[in-house]
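Undergrad: One structure, pasted below without further comment.
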Amino acid sequence: MQRIYSGASVTFTRGHPMTNEEAATCVTAGDDLVGLIKLRDRAAGHATLSYILREDSWGRGYGTDAVRQVIAYAFTTTHLHRLSAKHHPGNPASGRVLSKAGFTRTTVFQGQAAGAPVAYPVYEIHRTPAPGLVGSAPADGD
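Per my numbering, the sequence shown runs over residues 172 to 313.
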């Protein structure tokens, strides 16, 4: 865990400690822990997605693969219909991960980092209706 939350990997994080529950979903390469990914249920079928990878694992597709797996899980196993994610504007690689995984940039969130205003790009992806359904009606069991 310390290898993930160190060096350049934490450059754009908000700096709060991660709880054991938050650390439950890991990104691995073989038997090697290379990162963490999580969903936060925000109600009404919406969750936010966040992830962090160890610096020495960047650029190998692990983030994109993990995001795709979480999307599949969220839209086939849970009540979720919409996922959103944002990234620090100084970390465009994170935006590329989201785009490759199927997210679309939708808006900008005006936040702060270290007391300074920051415009975070926001991305979303929506569950597509099952074939034969009209509109965005939830699938059975939702």
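Note that CB positions come from ideal geometry on N, CA and C, so glycine has one too.
Is the beta carbon of S255 sitting closer than 9 Å to the one on L204?
TA: no
Undergrad: Which whole runs of the alpha helix (DSSP H) in the stretch 213-285 are 4 residues long or more, in chain order?
TA: Counting only runs that start and end inside the stretch 213-285, the alpha helix (DSSP H) elements of at least 4 residues fall at 233-248, 263-271.
Undergrad: For I242 and A287, I'd like the C-alpha separation in whole angstroms.
TA: 32 Å
Undergrad: Helix or strand or just coil, what does DSSP make of R298?
TA: coil
Undergrad: When burial is assigned at 16 or more other CB atoms within 10 Å of the CB, is V279 buried or exposed?
TA: exposed
Undergrad: Please report the distance separating the alpha-carbon of A215 from that of D227.
TA: 37 Å
Undergrad: Pick out whichever of L269, Q283, E295 has its Cα sitting closest to the Cα of V238.
TA: L269
Undergrad: If you compare alpha carbons, which of L224, A285, I208 is closest to A218?
TA: I208 is the residue among L224, A285, I208 whose C-alpha sits nearest the C-alpha of A218.
Undergrad: D203 by DSSP, collapsed to three states: which one?
TA: D203 falls in the strand class under three-state DSSP.
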